[in-house]
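Enquirer:
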């Protein structure tokens, strides 16, 4: 079985190479924020701070404004994943104009799902923790960070954890593996992933919850991980590589040949991370590596994952999503977590 999975991985990754653009003279490897060196983190942080300097609105504010302006066409919409793929790549290119050696990292928040507030990412050594007086973030690399939107007024960056001094659980690694393993097409995967992505926004709160969430530099790590999950789903079969479809937020049907937001490209040109001028991959982004770790990885089994609370209805509607459908997807994910607990308990009581 593992030989078959490994052979399938080689075929899929070969197909990925076939759809890459010859213009990719350099292929960036995006890595988890905790796995890059302190020097790399410092360069990344400096580039972001440089982008956020100067008269307002500045270069950083430009990206928050774009996310606000295109919110209704990039959330609760078939274009959610390709739009954000290109959006965070444009941000990465802006940083590379400041420091060509910078590569956007990602945050595997599923690893921290049971206790998000205890993640090293949300500590004084990295991105800072909960907001203090007035919700202002006063520790970490972005202590004293100033934002401008949504009302063109300079103020502090805010966070307000949804559990007071803690953050309620998110969907973990097992749930995300189950989601990737059981989504038959792009439309199903996209509609199911928007909810877990939302739990992270809601959990951290403050500026991170509404459509001006790029105010918080956590945004880029968060969406890079969502993009990584999509790229892993794409690598699961040859059919997934170019799978695309579904409805716009206004109900009309989306097609790969249509323009993608303000980026001067089509949806279809953004389906591969190696297409056109995207030219990046993620570490451990191989179907063979992920599926070859253990049988647990194949089944998406992780012990004692918690089940997050339901997404608030206001956030679902604000993101142009369907409340009834989100509740169905939440139950599917919860059922998967409970099934994995039963499997794990059975395996421990009947060791081979």
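Residue numbers (mature numbering (1 follows the signal peptide of the UniProt record, and there is no 0)): -22 to -1, 1 to 330.
In this text, a Cβ means the ideal position worked out from N, Cα and C, and glycines have one as well.
Treat the numbers as computed from the prediction; the structure is a model and nothing was measured.
1) Closest by CA to residue 125, which one among 199, 186, 169, 90?
2) At a cut-off of 7 Å, is residue 216 close to the ligand HEM when judged by its beta-carbon and the heavy atoms of the ligand?
3) Going by Cα to Cα distance, which pick from 201, 11, 255, 177 is closest to residue 292?
4) Identify the continuous alpha helix (DSSP H) that holds residue 25 and give its terminal residues.
5) For residue 7, which residues does DSSP report across the bridge?
6) Could you give the DSSP three-state label for residue 237: helix, strand or coil?
7) Under 8 Å by Cβ, that's how I've got residue 33 and residue 43 pegged, so tell me the actual separation to the nearest angstrom.
8) From the DSSP output, read off the bridge partner residues of residue 141.
9) Kindly identify the DSSP beta-bridge partner or partners of residue 253.
10) For the region 203 to 222 against the region 245 to 255, are there 3 or more C-beta pairs whose distance is under 8 Å?
11) Tell whether a beta-carbon distance below 8 Å holds between residue 94 and residue 145.
12) I believe residue 119 touches residue 105 by the beta-carbon criterion, under 8 Å. Please report the beta-carbon distance rounded to the nearest angstrom.
13) I need the DSSP call for residue 272, collapsed to helix, strand or coil.
14) Between which residues of its own chain and residue 182 is the CB-CB distance below 6 Å, once the five residues before and five after are set aside?
15) Which of the three DSSP states is assigned to residue 84 in this structure?
16) For residue 237, which residues in the same chain have their Cβ closer than 7 Å to its Cβ, ignoring the five residues on either side in sequence?
17) Taking C-beta to C-beta, are residue 198 and residue 81 nearer than 8 Å?
18) Kindly list the residues whose CB is nearer than 8 Å to the CB of residue 309, restricted to its own chain and excluding five residues on each side of it in sequence; keep chain order.
19) How big is the Cα-Cα spacing for residue 297 and residue 41?
Expert: This is what the structure gives:
1) Of 199, 186, 169, 90, the residue nearest in Cα terms is 186.
2) Within the structure as shown, the ligand HEM is missing, as the structure has no ligands at all.
3) The shortest CA-to-CA distance from residue 292 to any of 201, 11, 255, 177 is the one to 177.
4) If you look at residue 25, you'll find it in the alpha helix (DSSP H) that goes 16 to 29.
5) BP columns for residue 7 point to 259.
6) Of the three classes helix, strand and coil, the one that applies to residue 237 here is strand, per DSSP.
7) About 15 Å separates the beta carbons of residue 33 and residue 43, which is beyond the 8 Å limit, so they are not a contact pair.
8) Residue 141 is bridged to 144.
9) None; residue 253 has no bridge partner.
10) In the pairwise beta carbon analysis, the region 203 to 222 is classified as touching the region 245 to 255: at least three pairs are separated by under 8 Å.
11) Here residue 94 is near residue 145, since their CB atoms are less than 8 Å apart.
12) Indeed they touch by this definition, with Cβ atoms about 6 Å apart.
13) Unreliable placement is indicated for residue 272, whose pLDDT of 34 sits below 50; no coordinate value is reported for it.
14) So the qualifying residues of the chain are 137.
15) In this structure, residue 84 counts as strand in the three-state DSSP scheme.
16) Only 244 meet the Cβ criterion.
17) No, they are not a contact pair.
18) Around residue 309: no qualifying Cβ.
19) Their Cα atoms are separated by approximately 18 Å.
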